[in-house]
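One structure is given below, encoded as structure tokens.
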Amino acid sequence: MARRDAIVRVDLGDESATSEPVPETWLRSYLGGKGLGARYLYEELEPGTDPFGDDAVLLFLVGPLTGYLPGEQRYVVVTRSPLTGTFLDSYAGGEMASRLAGSLEDHVGVLVTGRAERPVALSVAGGEVTVEPAADLWGLDARETDERFPDAAVACIGPAGERRVSYATIASEGGDHHAGRGGAGAVMGAKRLKAVVARDEPPTPTEELRALRRRDEAAFAADDAGRWQAASETLETVDFADEVGVLPTRGWQEGAFDGAEDVGIEAARAAASGRERGDDPVPGGFRVQSASGIDREPDEETVPRGATPISLGSGLGIDDFDAVAALGSICDRLAQDVISSGNAVAWAIRASQEGHLERDLEFGDEAAARDLIEEIAERSTPLGDALADGVEAAAAEYGGEDLIPSVKGMALSSYDPRGASAMALAYATSDRGACHRRARPVEAEALAGADWTTADRVAAVVEEQDRRALCWSLVADDFVAEALPPEHIAEWLEAVGREREPAALERIGERVWTLVRLFNVREGFSRADDALPERLTEPLEGGPNDGTAIDPDAFETMLDRYYERRGWDEQGRPTRASLERLGLADLAVPESIGPGEPGGDRS
1 MARRDAIVRV
11 DLGDESATSE
21 PVPETWLRSY
31 LGGKGLGARY
41 LYEELEPGTD
51 PFGDDAVLLF
61 LVGPLTGYLP
71 GEQRYVVVTR
81 SPLTGTFLDS
91 YAGGEMASRL
101 AGSLEDHVGV
111 LVTGRAERPV
121 ALSVAGGEVT
131 VEPAADLWGL
141 DARETDERFP
151 DAAVACIGPA
161 GERRVSYATI
171 ASEGGDHHAG
181 RGGAGAVMGA
191 KRLKAVVARD
201 EPPTPTEELR
211 ALRRRDEAAF
221 AADDAGRWQA
231 ASETLETVDF
241 ADEVGVLPTR
251 GWQEGAFDGA
261 EDVGIEAARA
271 AASGRERGDD
281 PVPGGFRVQS
291 ASGIDREPDE
301 ETVPRGATPI
311 SLGSGLGIDD
321 FDAVAALGSI
331 CDRLAQDVIS
341 SGNAVAWAIR
351 ASQEGHLERD
361 LEFGDEAAAR
371 DLIEEIAERS
381 TPLGDALADG
391 VEAAAAEYGG
401 EDLIPSVKGM
411 ALSSYDPRGA
421 SAMALAYATS
431 DRGACHRRAR
441 PVEAEALAGA
451 DWTTADRVAA
461 VVEEQDRRAL
471 CWSLVADDFV
481 AEALPPEHIA
491 EWLEAVGRER
501 EPAALERIGE
511 RVWTLVRLFN
521 VREGFSRADD
531 ALPERLTEPL
541 EGGPNDGTAI
551 DPDAFETMLD
561 RYYERRGWDE
571 QGRPTRASLE
581 RLGLADLAVP
591 ESIGPGEPGG
601 DRS
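In terms of UniProt numbering, the sequence shown opens at residue 1 and continues consecutively.
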């Protein structure tokens, strides 16, 4: 059983790969995954480094329990985002995660620097990494690349990454799984790194680990999170968001979609079960046809997850499940983030309607959406080229800055915060831009209703952010992490030789979140970037939250309370006192960081 106390350092410039130990104090303080990646990025990357430059750092990491825990296995990619300029951690599941863990043996991951002179791939086997030529793979999409390695697991870029689209993904299993938002795939493209290939089988668990898995699989299956995942993965978010009036619709103009049931959970179940849909039923799966007439047949047991029917369905006013699935399939093969792609198309439609673009675009037009998604990946038109750098970059060139809401350069994702003010705080303070996965208090807020106070909202966001930071340092399935108590996680870590007290685990999440904030502060981010776009002060139309909007004064008060709870100063900068409290006093910190008070009252 691998203890994972080393890392492989690869320099693509001279194609070297060396193994080096990870400092024991780092393993204790950060575990692996997000936490360890944050520490390496903070130490290795000079402030202001171009994400596409030769000195950019890119890490592929697993956690101490990858390959053992119940639920979907995951790996994480850590770098500086070319879309937002912030810290970026992006996760993908599937076979690649467990086979990467097995191939790395005693290593926790691979740290990549430099830029190759030619397209290359990294081959990982037996705890060693070799740099191999990959010119024959350059230009292939995610599925075509995956098919070149029938006996291995692959994480690769597609055309979007090769052309440095700022929200290009890293795809595995032919595009079924993605390290998605933020553009890690574009960083790979800049380094001319086409793929990482894991050649060994997953790690073999001890009998103690098997017993823990049997116990926690049963507990997970009985938990609400486990039942929800088993029922629908994340597709139920479409129906839930529509019901409570926070479903982004037609470019963030409305909070409910009259076609939600046609792209939601029941439509997905019908497709997955092989029930007839039109004249071309496919047993065990479904076939869709794009507007170009090209048949696109997603893998038989795969249906689009929550982000696809929201961003490419309700967000674009498309109420045909097959059309939405076709658009998702195109993004998957191009290896281009579906959320950012949907928002880019939605911005273009609204900009066209507002007179900023001389192009006829309408909501509900799948053919036009497909064409524009492909133009973005290929950078083949001036509009596609501009949108490849994000909606803010396109708006700066054409106008229409207030049409699609974004935070730190990343367009909002799955929930409209005008119907859930705690979600507004979660988006604003997210460490990689407007991401709903850092904290998702929208469900709790919907249940609590008017009973929730500002303090409740702040507490929910802080606690979820810290819990997710711990989860992603373990690199665990989000659903599983919600179901397992700290005592169980401590037992798992002890079984792999990483003893931790439950109370110490809870502190790791806060430590990692603060370290990432410090990284972003060093890159020039401040309270001014924890702002919501003016668009969200305009009332929602339709649904249960018709007429609601963000109150700017109430939001600023909530942000003040958030900083106070974290022990940061009024500009959102961690203080030296807060760093000392979390065991981060050894960090080299910017001169702007003041002493502060111990603070951080979590009561």
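Using N, Cα and C, we set each Cβ at its ideal position, and we do this for glycine too.
What is the rounded straight-line gap between the Cα of residue i and the Cα of residue j?
i, j, result
"residue 199", "residue 332", "23 Å"
"residue 596", "residue 477", "36 Å"
"residue 151", "residue 129", "17 Å"
"residue 325", "residue 309", "8 Å"
"residue 453", "residue 367", "45 Å"
"residue 318", "residue 593", "48 Å"
"residue 288", "residue 8", "Its pLDDT being 33, under 50, residue 288 is placed unreliably by the model, and the measurement read from it follows with that caveat. Computed Cα separation, rounded: 42 Å."
"residue 29", "residue 508", "7 Å"
"residue 520", "residue 357", "34 Å"
"residue 117", "residue 154", "22 Å"
"residue 607", "residue 219", "The structure shown does not extend to residue 607, since the chain is modelled only from 1 through 603, so no value can be given for it."
"residue 604", "residue 258", "Only positions 1 to 603 of the chain appear in the structure, and residue 604 is not among them; the question remains open."
"residue 47", "residue 270", "50 Å"
"residue 80", "residue 106", "26 Å"
"residue 262", "residue 469", "35 Å"
"residue 265", "residue 393", "34 Å"
"residue 335", "residue 307", "15 Å"
"residue 42", "residue 354", "43 Å"
"residue 213", "residue 70", "6 Å"
"residue 327", "residue 19", "42 Å"
"residue 409", "residue 523", "14 Å"
"residue 96", "residue 187", "19 Å"
"residue 182", "residue 168", "8 Å"
"residue 59", "residue 184", "10 Å"
"residue 146", "residue 365", "31 Å"
"residue 131", "residue 17", "8 Å"
Below 8 Å on the Cβ atoms is my contact criterion, and I expect residue i with residue j to pass it. Report the Cβ-Cβ distance as a whole number of Å.
i, j, result
"residue 313", "residue 543", "About 16 Å; that fails the 8 Å criterion."
"residue 124", "residue 196", "7 Å"
"residue 461", "residue 563", "In fact, because the Cβ distance is near 12 Å, the residues do not count as touching under 8 Å."
"residue 484", "residue 320", "Actually they are not in contact, since the Cβ atoms of residue 484 and residue 320 sit about 39 Å apart, beyond 8 Å."
"residue 604", "residue 515", "Residue 604 is absent from the model: the chain starts at 1 and stops at 603."
"residue 142", "residue 119", "The Cβ separation is near 15 Å, so there is no contact."
"residue 376", "residue 341", "7 Å"
"residue 62", "residue 108", "6 Å"
Name the DSSP beta bridge partners of residue i, please?
i, result
"residue 153", "198"
"residue 410", "407"
"residue 61", "76 and 109"
"residue 568", "574"
"residue 249", "254"
"residue 433", "431"
"residue 541", "254"
"residue 193", "120"
Got a sec, what are the start and stop residues for the beta strand (DSSP E) residue i sits in?
i, result
"residue 140", "Premise fails: residue 140 is in no beta strand (DSSP E) and is neither H nor E."
"residue 7", "6-11"
"residue 657", "Past the edges of the chain, shown from 1 to 603, lies residue 657, and the structure says nothing about it."
"residue 122", "120-125"
"residue 131", "128-133"
"residue 18", "16-21"
"residue 91", "87-93"
"residue 179", "177-179"
List the endpoints of the continuous alpha helix (DSSP H) containing residue i.
i, result
"residue 332", "321-334"
"residue 361", "Residue 361 -> no alpha helix (DSSP H), and no H or E assigned at all."
"residue 398", "391-398"
"residue 425", "421-429"
"residue 171", "Where residue 171 is concerned, there is no enclosing alpha helix (DSSP H), although the beta strand (DSSP E) it sits in stretches over 170-172."
"residue 166", "Element bounds for residue 166: n/a, residue is neither H nor E."
"residue 466", "454-474"
"residue 339", "338-353"
"residue 589", "Per DSSP, residue 589 belongs to no alpha helix (DSSP H) and is neither H nor E."
"residue 210", "207-222"
"residue 450", "Unbroken run through residue 450: none, as it is neither H nor E."
"residue 260", "260-263"
Report yes or no: do the segment 34-50 and the segment 84-97 share at least 3 C-beta pairs separated by less than 8 Å? yes
Does the segment 109-126 come into contact with the segment 11-18, if we say contact requires no fewer than three beta-carbon pairs (one atom in each stretch) closer than 8 Å? yes
Can at least three beta-carbon pairs, one atom from the segment 65-73 and one from the segment 460-480, be found at a separation below 8 Å? yes
Are there three or more Cβ pairs, one per stretch, closer than 8 Å when the segment 250-270 is compared with the segment 549-564? no
Evaluate contact between the segment 53-63 and the segment 491-505, counting only Cβ atoms and requiring at least three cross-stretch pairs below 8 Å. no
Stretch-stretch touch, CB-based, cutoff 8 Å, three pairs: the segment 182-197 with the segment 154-162: yes
May I ask you to verify whether the segment 383-396 touches the segment 426-446, counting CB pairs closer than 8 Å and requiring at least 3? no
Does the contact criterion of 3 or more C-beta pairs under 8 Å hold for the segment 518-532 versus the segment 418-431? yes
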